[in-house]
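> Quick one: the structure is below, and I'll ask about it shortly.
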Amino acid sequence: MKIHYTTKSALLLSISVFGLNSPGHAQQDEIIVTATKRAESIQDVPVSVAAIDANTIRENAIIDIADASLYIPNFEFSDASILPNLYIRGIGSGTTHSIEQSVGRFIDEVYIGRAAINLHSLMDIGSIEVLRGPQGTLFGKNTLAGAVIINTADPTPTFDAGVNAFISDYSTVGGQIGVDGFISGPLSDGLSARLSLQYKDRDGYIENFNPGPDGGTRMDYGARLKLLWEGSENTTVGLKLEYLNYEEEGQTPAEATASVFPGGPMAGRPIPVSIWQRPGFAPGFSYERNWQSHINCEFVHRVEGRTLPRPTFCPGRDQETYNVTLDIERRIDGKGVLKFITGYQSYNYLHQFVAVDMGVAGGAARFTRDEEYSGFTQEVRFTSDEFDKYDFIVGGYFETSSLERLQPSDFNVRAFLNFFPPQAPLPFDSDREDWTQDTETWAAFGQLRYHFNDQITAILGGRYSYETKDYAFEHRTVELQGDIFNGPFTDEWDFSDDRSEGRFTPSFTLQYEPSDDLLVFGSISQGHKTGGYGDRLPLDERRAEADLEFDPEINTAYEVGFKGSFLDGALTANLAAFYMDIQDLQVATGVPTAGDLAFEVKNAAEATSQGIEFDARWRLTDNVTIGGDMAITDAAYDDFPGASRTCPTAGGTIADVEGALCNFAGLPLIFAPDFKASGFIQFQQPDIIGGWDFRVRGNVNHSSQYYTELEYREALDQDAYTLFGANAQFISPDDTFTIGLVGRNLTEEHVVAWGFHAGFTSFVTPNTPRELMVQLGYRY
Numbered sequence: 117m118k119i120h121y122t123t124k125s126a127l128l129l130s131i132s133v134f135g136l137n138s139p140g141h142a143q144q145d146e147i148i149v150t151a152t153k154r155a156e157s158i159q160d161v162p163v164s165v166a167a168i169d170a171n172t173i174r175e176n177a178i179i180d181i182a183d184a185s186l187y188i189p190n191f192e193f194s195d196a197s198i199l200p201n202l203y204i205r206g207i208g209s210g211t212t213h214s215i216e217q218s219v220g221r222f223i224d225e226v227y228i229g230r231a232a233i234n235l236h237s238l239m240d241i242g243s244i245e246v247l248r249g250p251q252g253t254l255f256g257k258n259t260l261a262g263a264v265i266i267n268t269a270d271p272t273p274t275f276d277a278g279v280n281a282f283i284s285d286y287s288t289v290g291g292q293i294g295v296d297g298f299i300s301g302p303l304s305d306g307l308s309a310r311l312s313l314q315y316k317d318r319d320g321y322i323e324n325f326n327p328g329p330d331g332g333t334r335m336d337y338g339a340r341l342k343l344l345w346e347g348s349e350n351t352t353v354g355l356k357l358e359y360l361n362y363e364e365e366g367q368t369p370a371e372a373t374a375s376v377f378p379g380g381p382m383a384g385r386p387i388p389v390s391i392w393q394r395p396g397f398a399p400g401f402s403y404e405r406n407w408q409s410h411i412n413c414e415f416v417h418r419v420e421g422r423t424l425p426r427p428t429f430c431p432g433r434d435q436e437t438y439n440v441t442l443d444i445e446r447r448i449d450g451k452g453v454l455k456f457i458t459g460y461q462s463y464n465y466l467h468q469f470v471a472v473d474m475g476v477a478g479g480a481a482r483f484t485r486d487e488e489y490s491g492f493t494q495e496v497r498f499t500s501d502e503f504d505k506y507d508f509i510v511g512g513y514f515e516t517s518s519l520e521r522l523q524p525s526d527f528n529v530r531a532f533l534n535f536f537p538p539q540a541p542l543p544f545d546s547d548r549e550d551w552t553q554d555t556e557t558w559a560a561f562g563q564l565r566y567h568f569n570d571q572i573t574a575i576l577g578g579r580y581s582y583e584t585k586d587y588a589f590e591h592r593t594v595e596l597q598g599d600i601f602n603g604p605f606t607d608e609w610d611f612s613d614d615r616s617e618g619r620f621t622p623s624f625t626l627q628y629e630p631s632d633d634l635l636v637f638g639s640i641s642q643g644h645k646t647g648g649y650g651d652r653l654p655l656d657e658r659r660a661e662a663d664l665e666f667d668p669e670i671n672t673a674y675e676v677g678f679k680g681s682f683l684d685g686a687l688t689a690n691l692a693a694f695y696m697d698i699q700d701l702q703v704a705t706g707v708p709t710a711g712d713l714a715f716e717v718k719n720a721a722e723a724t725s726q727g728i729e730f731d732a733r734w735r736l737t738d739n740v741t742i743g744g745d746m747a748i749t750d751a752a753y754d755d756f757p758g759a760s761r762t763c764p765t766a767g768g769t770i771a772d773v774e775g776a777l778c779n780f781a782g783l784p785l786i787f788a789p790d791f792k793a794s795g796f797i798q799f800q801q802p803d804i805i806g807g808w809d810f811r812v813r814g815n816v817n818h819s820s821q822y823y824t825e826l827e828y829r830e831a832l833d834q835d836a837y838t839l840f841g842a843n844a845q846f847i848s849p850d851d852t853f854t855i856g857l858v859g860r861n862l863t864e865e866h867v868v869a870w871g872f873h874a875g876f877t878s879f880v881t882p883n884t885p886r887e888l889m890v891q892l893g894y895r896y
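Take the sequence shown: its letters are residues 117 to 896, numbered as in this note's numbering.
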């Protein structure tokens, strides 16, 4: 049992996940993780966990969570244009802002509850850990699929500084440039600081044939100051102040399939779509698309106060985020460590996008999501020392947050009906849905680890959480300028409610260590995702009976695993088998009625995710390391009555018809490939020429076919694909200068990052094409 009671800064200095430093032997460096709220070797924790460190992040040009997901088995990232989402073992939260996250995200031990935070790129990161399976005991609510732990780099006791820059080129259009750096060191006795800065600018990789930016154009910049006070032998105080800004110009999703009007006087007539009808992937898929943007749509801040500028409408996303974290740690000699973690976060998020491109300036439908969020968290935790037979963790948690969203949707009615030429500059009709939500959470948790002997340990834990939500929803439909009905036309619908729920999530683990190099474990754990209220209102006759509330989601997981270290530490191999039973699965589905662009939140009755995960790394020699991982997953609905009015077919399974609706029982979950695998080979040679060291690494990632939306349309699913990447670095004799080359998606595989069907048209977002990059680094 290797348990290290170290400070966070010492922990991050010790991590080296892929052994990229050059040791004098063929053993792998020990990987230290915090998956159990303690600093322990990854081979000693009875949890399915993967980790990547700062070296891997830098050398593989891992810019954001999407890049990191390529290095972690059974972990998917969907950079959806509506909302970015995380999936573990096929479980995620879909494309609506109203559902809480299935995969909890923690930055410097502070819970990040909103999915929009996933937009920001990674800045000066020490390590990333991904815990697979429910983490309800130690990490709390909304971790029923797993948790992502991000540790930012800490101040150092001695002076240190570095800067890295890169420039890249896409095979289609555009490319990226970026620079980031840090300066760290002591300010006075016991007080040290670290300042981190970054700037990244990407020209869009989806070519726009009309006036306006290419799709996927964005800027991302930020600053972080961390202070660490160690003036007392037993007390440390850390403070983090952070500002992040994300600006995206240009729209990546567009119509993917030719469509026809479903009814009315234009029934059966084709709806014009953009130039996506090209061979090479699913029907209509290409890296080139044609969407119409307004003139003078510039890369500038587009909101004055909270009022959207008109008539200019610029598709894109903007987000400003502020984070403050206070971490106080007090060691009580002979007893343990008492820790206070206080967090504050706020952001402003604006998303504007165009749908149904019919040749009209700004599209025939355009949507805005304008969101403000602020949240405060406080955790108090006591972690005991390891006594003769046992150790334990106890703690309490409090969270309060406020969320406000303004979401107008504009529809060009005459363009829909084709009464006039689609090129005519026509006024829009407005549908506005605004809502607010205030949330408060209290929780108490504990975990006892009892050692029967040196080989057998039992871990028993649980958390009780109580949460309240106050919700208010206002809907207004206003016809502007007498477009069709020759005068103002207004529809009003208001809804307000409050809800509360209490939930106990237990866990039990039994582990057996026949030797210092082998660990066998089995666990039963539970996690939950809190209930809430939907953020969209159906546009048809169901509006009068709409109930926006949905229930909590529960996951009970069973897991057995094996972790081993062989050949004197040169080879590590880990295997886990899991079965997850999800009750009341929350899903956001597009309401399948003509012209309806709403997402409706429902509780699927039951779903199951089961499978096997395996990873191994082998340091063959001092110079050569190989490794790989794979995941076999079967994630499907066991019962989903009333899922849709259309009954799709997926993987040979046809949805059952029950009255006027369908039951999706047997259909797969989205973003849940049956098979996913990756592998790498790395070669390093010290003093290859003139004292310069050389390192080269090749990567391969494979995924089987999967679906991206709940209507299982052929044009929106993802075929099996294989991605190839490589990187190489030259390091100067004094480790001061680094020159690197990075290649990603070298064979230019077309991968659907996200897709959905709304009303009578389909939309798709492609991942990036082939990218070639040059890196330069300087370390003082």
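Glycine is no exception: its CB is placed at the ideal position from the N, C-alpha and C atoms. None of the values given here were measured: they were computed from a predicted structure.
Rounded to the nearest angstrom, what separates residue 452 and residue 273 at their Cα positions?
Rounded to the nearest angstrom, the two C-alpha atoms are 24 Å apart.
> Rounded to the nearest angstrom, how far is the Cβ of residue 731 from that of residue 189, given a contact under 8 Å?
Indeed, because the Cβ distance is near 6 Å, the residues count as touching under 8 Å.
> Where are the beta strand (DSSP E) runs, 3 residues long or more, that stay fully inside the segment 674 to 737, in chain order?
Segments of the beta strand (DSSP E) lying fully in the segment 674 to 737: 687 to 706 and 715 to 735.
> Identify the continuous beta strand (DSSP E) that holds residue 754 and give its terminal residues.
Taken as a continuous stretch (DSSP letters only), the beta strand (DSSP E) holding residue 754 covers 740 to 755.
> On the three-state DSSP scale, how would you describe residue 159?
Helix.
> Rounding to the nearest angstrom, what Cα-Cα distance links residue 581 and residue 179 in this structure?
One C-alpha to the other measures close to 35 Å.
> Near residue 883, what residues of its chain come up, given a Cβ to Cβ distance below 6 Å and the 5 sequence neighbours on each side ignored?
Contacts found: 867 and 869.
> What do you get for residue 890, buried or exposed, if any count of 16 or more other CB atoms within 10 angstroms of its CB means buried?
By the 10 Å Cβ count, residue 890 comes out exposed.
> What span of residues does the alpha helix (DSSP H) with residue 252 cover, start to end?
Start and end: 252 to 255.
> By DSSP, does residue 639 sit in helix, in strand, or in coil?
Residue 639 falls in the strand class under three-state DSSP.
> Using a threshold of 7 Å, state whether the C-beta atoms of residue 619 and residue 585 are closer than that.
Not in contact: residue 619 and residue 585 (Cβ atoms no closer than 7 Å).
> Would residue 515 and residue 552 be called neighbours here (beta carbons separated by less than 7 Å)?
No, they are not a contact pair.
> Does DSSP put residue 580 in a helix, in a strand, or in coil?
Strand, per DSSP.
> Starting from the Cα of residue 177, find the closest Cα among 158, 218, 193 and 238 and give me that residue.
Answer by Cα proximity: 238.
> With residue 219 and residue 166 assumed to form a contact (beta carbons below 8 Å), what rounded beta-carbon distance in angstroms separates them?
13 Å between Cβ atoms; not a contact.
> Can you name the start and end residues of the beta strand (DSSP E) that residue 181 belongs to?
Counting along the chain, residue 181 falls outside any beta strand (DSSP E), though it belongs to the alpha helix (DSSP H) covering 181 to 184.
> Helix, strand or coil for residue 349? Go by DSSP, reduced to three states.
Reduced to three states, the DSSP call for residue 349 is coil.
> Can you tell me which of the three DSSP states residue 945 falls into?
No information on residue 945 is available, as it lies outside the stretch 117 to 896 that the chain covers here.
> Output the distance between the C-alpha atoms of residue 217 and residue 556, rounded to the nearest integer angstrom.
Between residue 217 and residue 556, the C-alpha separation is close to 16 Å.
> With DSSP as the reference, label residue 357 as helix, strand or coil.
Here residue 357 sits in strand by DSSP.
> Taking residue 174 as part of the alpha helix (DSSP H), name the residues at either end of that continuous run.
It spans 170 to 175 - the alpha helix (DSSP H) in which residue 174 sits, taken as one unbroken run.
> Identify which residue in 441, 686, 727 and 278 has its Cα closest to the Cα of residue 267.
Among 441, 686, 727 and 278, the Cα nearest to that of residue 267 belongs to 441.
> Helix, strand or coil for residue 203 per DSSP?
Reduced to three states, the DSSP call for residue 203 is strand.
> When the Cα atoms are used, what is the spatial distance from residue 447 to residue 491?
Using only the alpha carbons, I get a separation of about 28 Å.
> Could you give the first and the last residue of the continuous beta strand (DSSP E) run that contains residue 647?
Looking at the DSSP string, residue 647 is not in any beta strand (DSSP E), and its letter there is neither H nor E.
> Can you give the Cα-Cα distance for residue 155 and residue 149, rounded to whole angstroms?
So the alpha carbons of these two residues sit roughly 6 Å apart.
> For residue 232, which three-state DSSP category applies?
It is helical.
> Quick check: the segment 345 to 359 against the segment 316 to 324, are at least 3 beta-carbon pairs closer than 8 Å?
With the cut-off at 8 Å, the segment 316 to 324 and the segment 345 to 359 do not touch.
> Quick one: what's got a C-beta closer than 6 Å to residue 315's C-beta in the same chain, skipping five residues either side?
So the qualifying residues of the chain are 295 and 337.
> Comparing alpha-carbon positions, which option in 591, 578 and 880 lies nearest residue 623?
When only C-alpha atoms are compared, the closest one is 578.
> Considering only the alpha carbon of each residue, which of 851, 645, 886 and 736 lies closest to residue 965?
The structure shown does not extend to residue 965, since the chain is modelled only from 117 to 896, so the question has no answer here.
> When the Cβ atoms of the segment 682 to 699 are set against those of the segment 722 to 731, are three or more pairs found closer than 8 Å?
They touch, by the three-pair rule.
> Based on DSSP bridge pairs, tell me the residues matched to residue 448.
Looking at the DSSP assignment, residue 448 forms a beta bridge with 452.
> Identify which residue in 880, 835 and 871 has its Cα closest to the Cα of residue 865.
It is 835 whose Cα lies nearest to the Cα of residue 865.
> Taking C-beta to C-beta, are residue 204 and residue 191 nearer than 7 Å?
In this structure, residue 191 lies closer than 7 Å to residue 204 by Cβ.
> I'd like to know if the segment 227 to 237 and the segment 681 to 690 are in contact, where contact means that at least 3 CB-CB pairs between them fall below 8 Å.
In short, these stretches do not touch, since the Cβ pair count stays below three.
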